[in-house]
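Asker: Numbering (the working numbering), first residue to last: 17 to 128.
We put the CB at the ideal spot given by N, CA and C, even for glycine.
Everything numeric in this text was worked out from a predicted model, so none of it was measured.
This is the structure, below, for whatever I ask next.
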């Protein structure tokens, strides 16, 4: 988790000091989170995802999972770039519908 935390912080353009202030913790505490010496609680993790424009699942991923995720994202980006404008619109509609369906199933306790 700590490697992802550092990655998303940097991608969002935050310095460690800025992040510590945003969380209301000392710089030492924040550094401990990024170095894996101390684990964030659930609320802090959710706040990190929000603050750094990421998501909790990504921050929690292991390096192996993250590499697979990155490969899948690159493949999707490449496929998306190869589509016509109409194809892109269709794909976005399908992705939104799928996301909504999965979200609704999760809320209803249905796991696919």
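1. When you compare the CB positions of residue 30 and residue 39, do they come within less than 8 Å of one another, or not?
2. Which same chain residues, not among the five before or five after residue 35, have their C-beta less than 7 Å away from its C-beta?
3. If you draw a straight line from the C-alpha of residue 83 to the C-alpha of residue 42, how long is it?
4. Can you tell me whether residue 41 is helix, strand or coil according to DSSP?
5. Identify, in the order they occur along the chain, each residue of the same chain with its Cβ nearer than 7 Å to the Cβ of residue 114, setting aside the five sequence neighbours on each side.
6. So residue 65 packs on residue 71, CB below 8 Å; how close in whole Å?
7. Where does residue 30 fall in DSSP's three states?
8. Take the Cβ of residue 85 as the centre, count every other Cβ of all protein chains shown within 10 Å, and call the residue buried at 16 or more, exposed below.
9. What is the DSSP secondary structure of residue 48, counted as helix, strand or coil?
Answerer: So, from the data block:
1. Along the chain shown, read from residue 1 onward, the residue named residue 30 stands at position 14. Along the chain shown, read from residue 1 onward, the residue named residue 39 stands at position 23. No, these two residues do not count as a Cβ contact at 8 Å.
2. Counting from one through the chain shown, the residue named residue 35 turns up at place 19. Here the set comprises 25 and 46.
3. Residue numbering aside, residue 83 sits at position 67 when the chain shown is read from its first letter. Residue numbering aside, residue 42 sits at position 26 when the chain shown is read from its first letter. Going from the Cα of residue 83 to the Cα of residue 42 covers about 31 Å.
4. Counting from one through the chain shown, the residue named residue 41 turns up at place 25. Correct three-state label for residue 41: coil.
5. Residue 114 sits at position 98 when you count from the first residue of the chain shown. Here the set comprises nothing.
6. Here the question's residue 65 lines up with position 49 in the chain shown. Here the question's residue 71 lines up with position 55 in the chain shown. Contact flag correct, Cβ pair sits at about 5 Å.
7. Taking the first residue of the chain shown as position 1, residue 30 is located at position 14. Coil, per DSSP.
8. The count along the chain shown starts at 1 and reaches residue 85 at position 69. Per the 10 Å Cβ criterion, exposed.
9. As a first step, residue 48 is located in the chain shown; it is residue number 32 there, counting from the start. Residue 48 falls in the helix class under three-state DSSP.
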